[in-house]
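Going by our numbering, the sequence shown wraps up at 70, each residue one higher than the last.
Just so it is clear, CB atoms sit at the ideal spot from N, CA and C, and this is done for glycine as well.
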Amino acid sequence: MENDELAQRLNRQEELLQKIYQSTEKTRKYFLWTMILTIVFLVAPLIGILFLVPSLLNIYSGIGGL
């Protein structure tokens, strides 16, 4: 009788551990994509600024020569 109860408890713990693992994996993927999107939305404008500033300086220096 005690072995059956112990086996049931172990099975229940295994089910709960599987649910915790699935939840943890979802959370990990959520944080991974959050980090990727944060980097993209931070780095992409910085790269754009690197190309935009020199072209704007050329435009303004051309206007100043008029």
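Annotated three-state conformation of Met-5 is coil, per DSSP. Straight-line measurement puts the Cα of Ile-24 at about 33 Å from the Cα of Leu-46.
Between the C-alpha atoms of Arg-16 and Glu-29 there is a straight-line separation of about 20 Å.
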